[in-house]
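Asks: Chains as they are written, first to last, in the working numbering: chain A, 1 to 307; chain B, 1001 to 1464; chain C, 2001 to 2176. We put the CB at the ideal spot given by N, CA and C, even for glycine. Just so it is clear, the structure is predicted and the values come from calculations on it, not from any experiment. I have a structure I would like to understand better, so I am pasting it below and will then ask my questions one at a time.
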């Protein structure tokens, strides 16, 4: 009886252990982005806060009508963030030499935290570098919003029947796939946004810093932060003064989670044997009727045995 | 209910009534052996039910409204604070308190400590209901709850920690249902089912341990996705999952102590002999386990702080809040447990258990809501509708808990056929049995002596 | 005799005039240029070239080194100390109207001999060059100061006639 129980126990544990296994590969080095991955270099020294990018995005992605016109500068009085109604926003930061404007949108990271946290695999990093999402499988757990270190994804809370995550997709469906640049890039009058292959943009960014070193802080934000992002920023003032988070570090977010994910297979394989072993060790000394094993001790077993 | 029992109304506690002659039918079992009028009367007399009625009257329409009008109607639609009370309190706090299922199952079945059996079923039920309602809170919180099965069948994202949580909670719920089904089958009168489940109990229990370890830890690992967003005192890059797992151990055990205390106080009529006799002893034994858990937790917390060199945060406002949580939730209960266990003071143990439960809940709410986004300028206070829904669902949880405890053989032992006959022959035979349909007004028991109407078939009563 | 002198003076003057480089004769320099690359959203811009020539005098300020004059920017002088005039001087000759299309980017990648990888597109070149100077010299800097929006432009910006219903009341809010 005891052996049978043991074998049944192992079978159930084996079945249980084959479920819910995290198939995360251990550290496969770092991902530098796809070779054909595109990016956008944002030169904050050129931005004048005209908000044309917001207007273009609004039309391209068929977002709802804004509350105020896009050439209204009064919105700069408070700091905004991307939401279900605006995939990109521009914020103004008053600095000594005049206002500095910053465009905020999804940064299309090389190793996106949103993608790694999604349990229905709704996010995809395309080979063009865009991080897009499939709203058809989104369950609405909003873990991606927790994970994004830049607080980018918005959620359509206003919808009762089909709320989904909303964020910039680099105009993938309507433009990127057809070899056209995103709407915001195309419309920017000051060419704040330079579109190109990410690898080339990093070189161009460093070249700009080299040619006019007094104009820029010697750092491209997004070159290495959280494993590298598709949107790269150049600024004339220190980045934390214009709302960037300087504490993020260069490791992608998934690196934090790997420690736990690594213990999962260990628990799944060791626990069954460990606890069945405990059971065998702790019940062997109880009584001589080993055939009944532990069953003989509880009242309901005695009753069952009688029947 | 106490009054009914004292007056000899036969409450369901075995498959058969009247000394093994007749089987209770399902309706009678549901009504605990009372007539519908008697049942409603005792329900109306209970002041706790009035409070529940008020909560349901306000809360249930709001829950329905959440599904009709969307999350925007019940939350502040915050993109910076996507997780609110439903998850922060409902899911993250209830899951560690429900770890009693696997702990008591392991104690009895794996380690063979059958002396814990009187409280084992309560622990298992506590676990099942806690997880069940955590999932119900989740369904209210999810944007599209009808898509809940998606990570199981439609689209897999196996790299995500939430994937593990989803699969494990689903599997573990099934394991717990199976474990509690033993009591259910007894009650329903389906011995074959009961035997079948008992045969795989060891396997179920070990599966339960594996699943629980991982998903208790995984809930903690969820916060490793947002390392900068949770305050450093509550966050540990390496040990977050361990913090959550280890704190769930005392959480579950103390929840059982808490529930058993409340049950003994409010449902004394339902508590069986074995339960009553052993409860104090078992409470102290559970407290021993809980103190081990608390001590380990404290140690790991200290190691976590030293590992990342966070001591300077203690000097801040957040640091004071942290010390409040650690003192009242961990250190004070630990000290009280040590003193009370040594001196066998069950009352103090119980107080300490309630403190521990509070501490675990506070820890989860702190990590998920209060210290979340500590760097942002604005804190979010949940929408009032969110708070009402959370309270309502908790009230439903209590109601379901009570419903099951009233009926299933959890707090008492299901009498076997032999015992039923023994009990009615040897035990005190009730003198007054009210069998007619007339309503039972309050306070008139003693005046109804002239209304005894022995019904046909109750032959054993004719002895007096 | 005096008639001969007049003819002589006239002839010498003509010769002297023809010795002046053709560029300075103003033969290829338009007085006014119509910029219409943004007609979808904005009305055509009438750019007063003659006024700017009189104001700035040095062609290199706007045309970099392409007019053959000495350029002052140290980053340009490195290579273009002795550069002569290029064939096309107009902005659109070097600055592409579609700088980010797939073909342009591919060409850029392959044309590794091309030094100027960071060349702005036409729209960017206009605004960066013009606005830079206007900001320093006090010229027009507002979007609508140089080009008026047409109906499609208004629709894009949800402004003017296409403003959201509530905002149309305070129309003073837009424009700089």
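Can you give me the C-alpha to C-alpha distance between residue 2053 of chain C and residue 2060 of chain C, rounded to a whole angstrom?
Replies: In the third chain, residue 2053 of chain C corresponds to position 53, counting from 1. In the third chain, residue 2060 of chain C corresponds to position 60, counting from 1. If I take the Cα positions, the gap works out to 11 Å.
Asks: Put residue 2151 of chain C into one of helix, strand or coil per three-state DSSP.
Replies: The count along the third chain starts at 1 and reaches residue 2151 of chain C at position 151. DSSP places residue 2151 of chain C in helix when its eight states are reduced to three.
Asks: Rounded to whole angstroms, what's the CA-CA distance from residue 1329 of chain B to residue 1344 of chain B? Just pull it up for me.
Replies: The sequence position of residue 1329 of chain B within the second chain is 329, counting from 1. The sequence position of residue 1344 of chain B within the second chain is 344, counting from 1. C-alpha separation (whole angstroms): 21 Å.
Asks: Go through its chain and collect everything with a Cβ distance to residue 1373 of chain B's Cβ below 7 Å, but skip five positions before and after it.
Replies: Here residue 1373 of chain B is taken as the residue at index 373 of the second chain, counted from 1. Here the set comprises 1080, 1081, 1229.
Asks: With three or more beta-carbon pairs closer than 8 Å as the criterion, would you say the stretch 1283 to 1301 of chain B touches the stretch 1243 to 1257 of chain B?
Replies: yes
Asks: Could you check the C-alpha separation between residue 1214 of chain B and residue 1169 of chain B for me, to the nearest Å?
Replies: Translated into the one-based positions of the second chain, residue 1214 of chain B becomes position 214. Translated into the one-based positions of the second chain, residue 1169 of chain B becomes position 169. Roughly 10 Å separates the two Cα atoms.
Asks: For chain B, is any of its Cβ atoms less than 8 Å away from the one on residue 24 of chain A?
Replies: Counting from one through the first chain, the residue named residue 24 of chain A turns up at place 24. The predicted model places residue 24 of chain A with a pLDDT of 46, which falls under 50 and marks its position as unreliable; any figure quoted below should be read in that light. It does; some Cβ of chain B falls within 8 Å.
Asks: Ends of the alpha helix (DSSP H) at residue 1205 of chain B?
Replies: Residue mapping note: residue 1205 of chain B aligns to position 205 of the second chain, counting from 1. 1201 to 1221 is the span of the alpha helix (DSSP H), which, as asked, contains residue 1205 of chain B.
Asks: Quick one: what does DSSP say residue 2069 of chain C is sitting in, helix, strand or coil?
Replies: Position 69 of the third chain holds residue 2069 of chain C. It is coil, neither helix nor strand.
Asks: If you follow the alpha helix (DSSP H) that residue 278 of chain A is part of, which residue opens it and which one closes it?
Replies: Translated into the one-based positions of the first chain, residue 278 of chain A becomes position 278. Taken as a continuous stretch (DSSP letters only), the alpha helix (DSSP H) holding residue 278 of chain A covers 254 to 283.
Asks: Measuring CB to CB, does residue 115 of chain A end up less than 8 Å from residue 137 of chain A?
Replies: Numbered from 1 along the first chain, position 115 holds the residue referred to as residue 115 of chain A. Numbered from 1 along the first chain, position 137 holds the residue referred to as residue 137 of chain A. Their beta carbons are not under 8 Å apart, which means residue 115 of chain A does not touch residue 137 of chain A by this criterion.
Asks: What residues in its chain sit with their C-beta under 6 Å from that of residue 252 of chain A, if we drop five residues either side in the sequence?
Replies: Taking the first chain and counting its residues from 1, the one referred to as residue 252 of chain A is at position 252. Contacts found: 111, 226, 227.
Asks: Along the chain, where does the alpha helix (DSSP H) containing residue 1255 of chain B start, and where does it finish?
Replies: The residue given as residue 1255 of chain B occupies position 255 in the second chain. Element bounds for residue 1255 of chain B: 1240 to 1266.
Asks: Which bits of chain C does residue 189 of chain A rub up against, with CB to CB less than 7 Å?
Replies: Counted from its first residue, the first chain places residue 189 of chain A at position 189. 2123, 2127, listed in chain order.
Asks: Taking a contact to mean a Cβ-Cβ separation below 8 Å, would you say residue 1181 of chain B touches residue 1197 of chain B in this structure?
Replies: If you number the second chain from 1, residue 1181 of chain B lands on position 181. If you number the second chain from 1, residue 1197 of chain B lands on position 197. Cβ distance < 8 Å, so residue 1181 of chain B and residue 1197 of chain B count as in contact.
Asks: When you compare only the Cα positions, how much space is there between residue 1033 of chain B and residue 1108 of chain B?
Replies: Here residue 1033 of chain B corresponds to residue number 33 of the second chain, with the count starting at 1. Here residue 1108 of chain B corresponds to residue number 108 of the second chain, with the count starting at 1. If I take the Cα positions, the gap works out to 32 Å.
Asks: For a cutoff of 8 Å on Cβ pairs, would you count residue 131 of chain A as touching chain B?
Replies: Within the first chain, numbered from 1, the residue matching residue 131 of chain A stands at position 131. With 8 Å as the cut-off, residue 131 of chain A does not count as an interface residue toward chain B.
Asks: For residue 1245 of chain B and chain A, any beta-carbon pair shorter than 8 Å?
Replies: As a first step, residue 1245 of chain B must be located in the second chain, where it is residue number 245. Residue 1245 of chain B does not count as touching chain A.
Asks: Going by CA-CA distance only, name the one from B:1404, B:1208, B:1375, B:1297 that's closest to residue 1103 of chain B.
Replies: If you number the second chain from 1, residue 1103 of chain B lands on position 103. Nearest option by C-alpha distance: B:1208.
Asks: With 8 Å set as the bound, which would you pick, yes or no: does the beta-carbon of residue 229 of chain A sit closer than that to a beta-carbon of chain B?
Replies: Mapped onto the first chain, residue 229 of chain A falls at position 229. Cβ-Cβ to chain B under 8 Å: no for residue 229 of chain A.
Asks: Between the stretch 2116 to 2125 of chain C and the stretch 183 to 192 of chain A, do at least 3 Cβ pairs fall closer than 8 Å?
Replies: Counting Cβ pairs under 8 Å, three or more are found: they touch.
Asks: Excluding five sequence neighbours on each side, which residues of the same chain lie with their C-beta closer than 7 Å to the C-beta of residue 1261 of chain B?
Replies: Here residue 1261 of chain B refers to the residue found at position 261 when the second chain is read from its first residue. If we look at residue 1261 of chain B and ignore the five residues flanking it on each side, its Cβ neighbours are 1350.
Asks: Put residue 1187 of chain B into one of helix, strand or coil per three-state DSSP.
Replies: Residue mapping note: residue 1187 of chain B aligns to position 187 of the second chain, counting from 1. Correct three-state label for residue 1187 of chain B: helix.
Asks: Whole-angstrom Cβ separation of residue 153 of chain A and residue 171 of chain A, contact assumed at under 8 Å?
Replies: Along the first chain, read from residue 1 onward, the residue named residue 153 of chain A stands at position 153. Along the first chain, read from residue 1 onward, the residue named residue 171 of chain A stands at position 171. Not a contact, Cβ separation roughly 17 Å.
Asks: Mind listing which residues of the stretch 61 to 86 of chain A have their C-beta closer than 7 Å to chain B's C-betas, in chain order?
Replies: 81, 83
Asks: So, does the CB of residue 2102 of chain C fall closer than 8 Å to a CB anywhere in chain A?
Replies: What you label residue 2102 of chain C is simply residue 102 of the third chain in a count that begins at 1. At least one chain A Cβ lies under 8 Å of residue 2102 of chain C.
Asks: Taking DSSP's pairing of strands, which residues face residue 1978 of chain C in a bridge?
Replies: Chain C is shown only over 2001 to 2176; residue 1978 of chain C falls outside these bounds and no answer can be derived.
Asks: Using a Cβ cut-off of 7 Å, pull out every chain A residue sitting near residue 1238 of chain B, in sequence order please.
Replies: Position 238 of the second chain, counted from the start, is the residue given in the question as residue 1238 of chain B. Chain A residues near residue 1238 of chain B: 259.
Asks: Which partner residues does residue 2131 of chain C have in the DSSP bridge list?
Replies: Position 131 of the third chain, counting from 1, holds the residue named residue 2131 of chain C. According to DSSP, residue 2131 of chain C bridges with nothing at all.
Asks: Does residue 1075 of chain B come out as helix, strand or coil in the three-state DSSP assignment?
Replies: If you number the second chain from 1, residue 1075 of chain B lands on position 75. Coil, per DSSP.
Asks: CA-CA distance, residue 1342 of chain B and residue 1363 of chain B?
Replies: Position 342 of the second chain, counting from 1, holds the residue named residue 1342 of chain B. Position 363 of the second chain, counting from 1, holds the residue named residue 1363 of chain B. So the alpha carbons of these two residues sit roughly 28 Å apart.
Asks: Where do the N-terminal and C-terminal ends of the beta strand (DSSP E) with residue 2029 of chain C fall, by residue?
Replies: As a first step, residue 2029 of chain C is located in the third chain; it is residue number 29 there, counting from the start. Looking at the DSSP string, residue 2029 of chain C is not in any beta strand (DSSP E), and its letter there is neither H nor E.
Asks: Within 8 Å of any Cβ in chain A, is that where the Cβ of residue 1096 of chain B sits?
Replies: Here residue 1096 of chain B is taken as the residue at index 96 of the second chain, counted from 1. Residue 1096 of chain B is outside the set of residues whose beta carbon lies under 8 Å from a beta carbon in chain A.
Asks: Counting only the same chain and skipping the five closest in sequence on each side, list residues whose C-beta sits under 7 Å from that of residue 1399 of chain B.
Replies: The residue given as residue 1399 of chain B occupies position 399 in the second chain. Closer than 7 Å at Cβ, skipping near neighbours: 1052.
Asks: Which whole-angstrom value describes the C-beta separation of residue 71 of chain A and residue 102 of chain A, a residue pair presumed to lie in contact below a C-beta threshold of 8 Å?
Replies: On the first chain, residue 71 of chain A is found 71 positions in, with the first residue counted as 1. On the first chain, residue 102 of chain A is found 102 positions in, with the first residue counted as 1. Rounded, the Cβ-Cβ distance is 18 Å, inconsistent with contact.
Asks: Is the shortest distance between the beta-carbon of residue 1437 of chain B and the beta-carbons of chain A less than 8 Å?
Replies: The residue labelled residue 1437 of chain B in the question sits at position 437 within the second chain. Residue confidence is low: residue 1437 of chain B scores 43 on pLDDT, short of 50, so the model does not pin down where it sits. Its coordinate-derived value is still stated next. So, not an interface residue.
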